């Protein structure tokens, strides 16, 4: 089976969603959509045995083979891990959405179509071996996420958040495409596997650093790294199932996947290591610091997601040091990054779902109005507690293990002696500790400010109560995994993490057994990461208990100095400038647009001819011009001038007919009777049609043209004419390849059974082209007929009203 087709299975399923919504009104459409991710998860989990042994599976579907572009599904440890996250958590999100979205109130056909398109796009991103097809799926994730974020399109916030996310991520995607093109130039291939194999030859290439930066721009924008993180909080206007899926487990991790996948190519560069590790650490601090400022539950989770994505990014940067050092701690950093990626997808998915449940069952997400829900919503509190404690990095939850690995890796960076890390490396464990303190605070802030304490005196919009069982199933499953990962980390490491690490660092391992990492919760009383954890818990607990006293410090920063304000100002200025520019050249007159197009075509073509020294005139093969040709040319020029100077419609039609018949005479003179006959028929029909429609033709006028405009039009017309003549002369004078006319002469009778070359070309050699031209003319004729009938019906209505 060509399993590359499975990437498109969700899109195919999306085609049937509108039909299911219409026909099965008593059954929630989500039950049928659920079959798609469940089926895919069951299928892909069968690849675990292959990837665990260090192997891979590959399938290909040709797309544009002449350009080296195809759909290649390459499944190794890294792509399989992301595939299972996309399908596994996707299944839980769909199950959650069945109970979250009311089929009577919501447009489920839109929601599930968008969600399935996004699922296909993400599968394509993580499985594509061809960078061009990867880019295609990458942008499809931006488009589908735009639709999902703006699902409630009647809300201003939804539309604004959707546009903001698409503007930033599409910008990054375009930059990434530039990086891919440069990689293709350097490696003479678009295959990621072949690029990795040829990576040593790229070092020192003039495009190497530029390609590196462009690829990172794509990764940073998609994974909400500083300063591009500003789109993620606004994306929280999406329905909670979208947030749980896109902004915790899948879309925001696409950038992490990109960095991990291209690490074998760029890890040799100091620029790559500093940008990935440095920007990741800055994002971790920025997101964790501002998460405590938020008052909306989903906004808290949005900034916490930013911080956790920064943590994973910094670990991938630290892991790239393994290409420059034999110290196993840096290989361990990559293991920690993959391990925390799994942890984050699990605990953050459950927390987003709990935020949605609180909103659904209380009518608000404002943490200032919440409190005391522990006894009313005990199951939701339990899940929120487990997820928050894992996010805070406390035992016995999976997040504790990967957080310890993170601290250990950051401590090791200061001992690396290359790339100035021995000097500046000390900032890594310091910032990591500070950011971890704020991570502890926002984790406690989220769960205890929502569920602990007393209920506020002001009544909530909805009387709070526990969510229905169906809505709790998915977050409970994820919370169970959070606890389970803590007790069986090495099983997770063996089946999922180690194969992914081998894919990120293929040059450093030959077999999974070499990924000798044993995950343990206890590293001894002298372990520095243990004391960092103890100290951050102590400081974090004090700061949390005194939160009301210092949280007002966030109000000191003026809103106009924020990155969001900078983005808004840039959009406002650019929108105003573009509007003025558009109003300048968008006059609404077809004549104006034709002037732009003809002037540009003439200028760029003529300039290319002379810059490339392509204009050559060889008159040796020209046919001799006799007296009849000269006279016909004079008649043709006079007829053209009469068309331009005609004062009446009739004289213009007659002059236009004279132009066409003069061209037909040229074909006769140069012994092309078939072309002459075709031209005569077409010209006769054209003139007849003009005369038939004579009554309805508009009167001739100058359309308000001034003398200056006429001179400009004359210059452009002359320029186009001269340019076309130059191109014709140049093309005739330097034929780089043999003419195809001889092939037609040799085969038109023997293979096509015809004697008229023109007719045979139109009917046989270009049969489909002619067929489609006829189809276009037929469609245009039907449209004209419909417009005429519409006009006649309006006249009849007006006549009836007058009567």
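Residue numbers (our numbering): 73 to 875. Ideal Cβ positions, reconstructed from N, Cα and C, are used throughout, including at glycine. Because the structure is a prediction, the values reported are computed rather than measured.
Exercise. Taking C-alpha atoms, which residue in 433, 748 and 807 lies nearest to residue 830?
Worked result: Sequence index remark: in the chain shown, residue 830 carries index 758 (1-based). That would be 748, whose Cα lies nearest to the Cα of residue 830.
For this session: Alpha carbon to alpha carbon, how far is residue 551 from residue 532? Give it in angstroms, no decimals.
Result: The residue labelled residue 532 in the question sits at position 460 within the chain shown. The residue labelled residue 551 in the question sits at position 479 within the chain shown. If you take the alpha carbons of residue 532 and residue 551, they lie about 27 Å apart.
Exercise. With a CB to CB cut of under 8 Å and the five nearest residues on each side skipped, what residues in its chain are close to residue 227?
Worked result: Sequence index remark: in the chain shown, residue 227 carries index 155 (1-based). So the list reads 309, once near-sequence residues are dropped.
Problem set entry | Between the CA atoms of residue 314 and residue 229 - distance to the nearest angstrom | On the chain shown, position 157 is the one that residue 229 refers to. On the chain shown, position 242 is the one that residue 314 refers to. When rounded, the distance between both Cα atoms is 15 Å.
Exercise. DSSP three-state call for residue 384: helix, strand or coil?
Worked result: Here residue 384 refers to the residue found at position 312 of the chain shown. It is helical.
Exercise. Since residue 507 and residue 402 are thought to touch, with beta carbons under 8 Å apart, how far apart are those beta carbons, to the nearest angstrom?
Worked result: Locating residue 507 in the chain shown gives position 435, counting from the first residue. Locating residue 402 in the chain shown gives position 330, counting from the first residue. Incorrect: roughly 20 Å between the Cβ atoms, too far for contact.
Exercise. CB-CB under 7 Å to residue 166, same chain, minus the five flanking residues each way: which ones, in chain order?
Worked result: Within the chain shown, numbered from 1, the residue matching residue 166 stands at position 94. Here the set comprises 102, 105, 106 and 109.
For this session: Note down, in chain order, each residue of its chain lying with its Cβ closer than 8 Å to the Cβ of residue 206, except the 5 sequence neighbours on either side.
Result: As a working note, residue 206 is residue 134 in the chain shown. Counting only Cβ-Cβ distances below 8 Å, and skipping sequence neighbours, we find 196, 197, 200, 252 and 264.
For this session: State buried or exposed for residue 624, treating a residue as buried only when at least 16 other CB atoms are found within 10 Å of its CB.
Result: Taking the first residue of the chain shown as 1, we reach residue 624 at position 552. Residue 624 should be labelled exposed.
Problem set entry | Selection from 669, 342, 317 and 414 that minimises the alpha carbon distance to residue 374 | The residue labelled residue 374 in the question sits at position 302 within the chain shown. Taking only the C-alpha atoms, the option nearest residue 374 is 317.
For this session: Check residue 527 in the structure and name its three-state DSSP category.
Result: Here the question's residue 527 lines up with position 455 in the chain shown. Coil at residue 527, not helix or strand.
Exercise. Hey, quick one: how far does the beta strand (DSSP E) through residue 146 stretch, first residue to last?
Worked result: One-based indexing of the chain shown puts residue 146 at position 74. For residue 146, the enclosing beta strand (DSSP E) has its first and last residue at 141–147.
For this session: Using alpha carbons as the reference points, say which of 746, 593 and 725 lies closest to residue 770.
Result: As a working note, residue 770 is residue 698 in the chain shown. The shortest C-alpha separation from residue 770 is found at 725.
Problem set entry | C-alpha distance - residue 487 paired with residue 120, whole-angstrom precision | Taking the chain shown and counting its residues from 1, one reaches residue 487 at position 415. Taking the chain shown and counting its residues from 1, one reaches residue 120 at position 48. When rounded, the distance between both Cα atoms is 36 Å.
Exercise. Excluding the five sequence neighbours on either side, which residues of its own chain have a C-beta within less than 6 Å of the C-beta of residue 518, listed in chain order?
Worked result: Numbered from 1 along the chain shown, position 446 holds the residue referred to as residue 518. Only 372 and 460 meet the Cβ criterion.
For this session: Use the C-beta contact count for residue 223: other C-beta atoms within 10 angstroms, 16 or more gives buried, fewer gives exposed.
Result: The sequence position of residue 223 within the chain shown is 151, counting from 1. Label assigned to residue 223: buried.
Problem set entry | Under 9 Å between C-beta atoms of residue 482 and residue 390 | Within the chain shown, numbered from 1, the residue matching residue 482 stands at position 410. Within the chain shown, numbered from 1, the residue matching residue 390 stands at position 318. Yes, they are a contact pair.
Problem set entry | Beta-carbon contacts of residue 277 that lie in its chain and below 6 Å, excluding the five residues immediately before and after | Here residue 277 refers to the residue found at position 205 when the chain shown is read from its first residue. Counting only Cβ-Cβ distances below 6 Å, and skipping sequence neighbours, we find 258.
For this session: Could I get the ranges of all uninterrupted alpha helix (DSSP H) runs contained in the region 141–208, with 4 residues as the minimum, in chain order?
Result: 149–172 and 180–199
Exercise. Start and end of the beta strand (DSSP E) containing residue 132?
Worked result: Along the chain shown, one-based indexing puts residue 132 at 60. Note, residue 132: beta strand (DSSP E), 129–136.
Exercise. When the Cα atoms are used, what is the spatial distance from residue 340 to residue 96?
Worked result: Taking the first residue of the chain shown as 1, we reach residue 340 at position 268. Taking the first residue of the chain shown as 1, we reach residue 96 at position 24. C-alpha separation (whole angstroms): 57 Å.
Exercise. Can you tell which of 312, 407, 293 and 365 has the C-alpha that lies nearest to the C-alpha of residue 626?
Worked result: As a position in the chain shown, residue 626 is number 554, starting the count at 1. Of the listed residues, the one whose Cα sits closest to residue 626 is 365.
Exercise. What is the DSSP secondary structure of residue 438, reduced to helix, strand or coil?
Worked result: Position 366 of the chain shown, counted from the first residue, corresponds to residue 438. In this structure, residue 438 counts as strand in the three-state DSSP scheme.
Problem set entry | C-alpha gap between residue 596 and residue 602, whole angstroms | Sequence index remark: in the chain shown, residue 596 carries index 524 (1-based). Sequence index remark: in the chain shown, residue 602 carries index 530 (1-based). Taking the straight line joining both Cα atoms gives about 8 Å.
Problem set entry | Sub-9 Å separation of residue 427 and residue 370 beta-carbons | Reading the chain shown from its first residue, position 355 is the one you call residue 427. Reading the chain shown from its first residue, position 298 is the one you call residue 370. It is a contact, given that the beta carbons lie within the stated cut-off.
Exercise. Quick one: what does DSSP say residue 368 is sitting in, helix, strand or coil?
Worked result: Taking the first residue of the chain shown as 1, we reach residue 368 at position 296. If DSSP states are grouped into helix, strand and coil, residue 368 belongs with the strands.
For this session: Would you mind reading off the limits of the alpha helix (DSSP H) that contains residue 326?
Result: Translated into the one-based positions of the chain shown, residue 326 becomes position 254. Unbroken alpha helix (DSSP H) run through residue 326: 326–338.
Exercise. Taking the alpha helix (DSSP H) that residue 239 falls in, what are its first and last residues?
Worked result: Translated into positions along the chain shown, residue 239 becomes position 167. Taken as a continuous stretch (DSSP letters only), the alpha helix (DSSP H) holding residue 239 covers 228–259.
Exercise. If you draw a straight line from the C-alpha of residue 560 to the C-alpha of residue 143, how long is it?
Worked result: For this step, residue 560 is matched to residue 488 along the chain shown. For this step, residue 143 is matched to residue 71 along the chain shown. For residue 560 and residue 143, the distance between alpha carbons rounds to 37 Å.
Exercise. Excluding sequence positions up to five away, which residues of its chain have a Cβ less than 6 Å from the Cβ of residue 396?
Worked result: For the purposes of this step, residue 396 is identified with residue 324 of the chain shown, where counting begins at 1. The answer, listed in chain order, is 490.
Exercise. In this structure, what does DSSP give as the bridge partners for residue 263?
Worked result: Here residue 263 refers to the residue found at position 191 of the chain shown. Partner(s): 202.
Problem set entry | Among 815, 336, 443 and 362, nearest to residue 393 - alpha-carbon criterion | Residue mapping note: residue 393 aligns to position 321 of the chain shown, counting from 1. Nearest C-alpha to residue 393: 336.
Problem set entry | Proximity test, residue 132 beta-carbon vs the ligand MN heavy atom, cut-off 8 Å | Ligands displayed in this structure: none; no statement on the ligand MN is therefore possible.
Exercise. If we call anything under 9 Å between Cβ atoms a contact, is residue 613 one with residue 516?
Worked result: By one-based count along the chain shown, residue 613 stands at place 541. By one-based count along the chain shown, residue 516 stands at place 444. In contact: residue 613 and residue 516 (Cβ atoms closer than 9 Å).
Problem set entry | Where residue 654 sits in the DSSP three-state scheme | For the purposes of this step, residue 654 is taken as residue 582 along the chain shown, with counting starting at 1. Residue 654 falls in the helix class under three-state DSSP.
For this session: Return the first residue and the last residue of the alpha helix (DSSP H) that residue 32 is part of.
Result: A question about residue 32 goes unanswered here, because the residues of the chain that appear run from 73 up to 875.
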